[in-house]
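>
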Amino acid sequence: MSSHPETGHTLPEPGVPVIRNVNWGGLRTLYIKEVRRFFKVQLQTVWAPAVTTLLFLVIFTVALGGGGRTIELDGRSIHFADFIAPGLIVMGMLQNAFANASFSLLVGKIQGTIVDYLMPPLSTGELLAGLCGGAVTRAFCVGGAVWLAMALWPSVSVVPAHLWAILWFGFLGSLFLALLGVLTSIWAEKFDHAAAVTNFVVAPLSLLSGTFYSVDRLSPVFQTISHLNPFFYIISGFRYGFLGVADSPILMGSAIILALDAVLGLACYWLLRKGWNLKN
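Under full-length UniProt numbering, think of the first position of the sequence shown as 1, with each following residue one higher.
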């Protein structure tokens, strides 16, 4: 140990870590920074997605004559609006989790401020947790706004049947897209790259995941394709939280998404630790 010549404060020897465990202060600061960033423009990042998602509900239940339609799901006849509402809520959550996570590191690389993420005394796990925490928070803010808008809309019921399933699959799905967003921001060199992932990966997978239809009504080939789509299990589990029925076994869907989250988390951790495409 040594002391500072001017202040007299005791300094650790070179190479001796000062923060030996989790840097909770730094992690909290990064998380608050990520939340404040999207909350400053909440009209664009929270309320606009809620309005857009509500328009989907209006179009499919009113403009297409869905007011009296029903969907057969697991032997139950469910009102069409009640069927698509949970899928629309979680779809908005997933898309905004990806948008938030894919922005932070990418804008840092483009503007030359990536050092603000790499230089602070944060471990790789803490950096990843802060980025994903902000994205998941935005997803739940959007989900809450969409749910509130739909709760006020006539002829649709969004009363939770299993709150644990809503929170669990909402969290797993949001974390999945947050990790995918971090992975995209590490790889991308410009906003066009992130937009390409949004337009050609996230949007198609979310729209073709059973949000607007039951996969049981598809041909066997397309049912198989749907079951290879991870978004299908997220939406099916989230819908179970509202309706009490699902297109797929809840435990199997939960295990699949949890495993994918673990794989993506390890991939993001390894790339961040190596500094691939970040420290060039």
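Glycine included, each C-beta is placed from N, C-alpha and C at the ideal position.
#1: Distance check for Phe-39 and Asp-216, CA to CA, integer angstroms please.
#2: Measure how close the beta-carbons of Cys-268 and Leu-179 come, nearest whole angstrom, since I'm counting them as under 8 Å.
#3: Rounded to whole angstroms, what is the Cα-Cα separation between Val-62 and His-79?
#4: Nearest CA to the CA of Asn-229: which residue from Asp-192, Trp-187, Gly-173, Leu-266?
#5: Kindly give me the distance between the Cβ atoms of Val-142 and Ala-151, rounded to whole angstroms, as I take these residues to be in contact under 8 Å.
#6: Going by Cα to Cα distance, which pick from Asn-21, Ala-262, Ile-235 is closest to Leu-122?
#7: Between the segment 110 to 117 and the segment 197 to 214, are three or more C-beta pairs nearer than 8 Å?
#8: Could you have a look at Ser-77 and say whether DSSP puts it in helix, strand or coil?
#9: Please classify Glu-189: does DSSP put it in a helix, a strand, or coil?
#10: Roughly how many whole angstroms lie between the Cα atoms of Ser-236 and Val-35?
#11: Could you check how far apart the C-beta atoms of Phe-140 and Gly-241 are, in whole angstroms? I think they sit under 8 Å.
#12: Please identify the residue among Ile-234, Ala-101, Ala-259, Leu-88 whose C-alpha is closest to the C-alpha of Asp-247.
#13: DSSP beta-bridge partners for Ile-71?
#14: Assuming Gly-92 contacts Ala-135 under a Cβ cut-off of 8 Å, what Cβ separation, rounded to an integer in Å, is found between them?
#15: Tell me whether the beta-carbon of Leu-57 lies closer than 8 Å to the beta-carbon of Leu-88.
#16: Between Gly-108 and Leu-278, what straight-line distance do the alpha-carbon atoms span, to the nearest angstrom?
#17: Do you know how far the Cα of Thr-211 is from the Cα of Ser-219?
According to the structure shown:
#1: 40 Å
#2: 6 Å
#3: 13 Å
#4: Gly-173
#5: Not really, about 15 Å apart at Cβ, beyond 8 Å.
#6: Asn-21
#7: no
#8: strand
#9: coil
#10: 28 Å
#11: Not really, about 14 Å apart at Cβ, beyond 8 Å.
#12: Ile-234
#13: Ile-78
#14: Their Cβ separation, rounded to whole angstroms, is 13 Å, which puts Gly-92 and Ala-135 out of contact at 8 Å.
#15: yes
#16: 9 Å
#17: 17 Å
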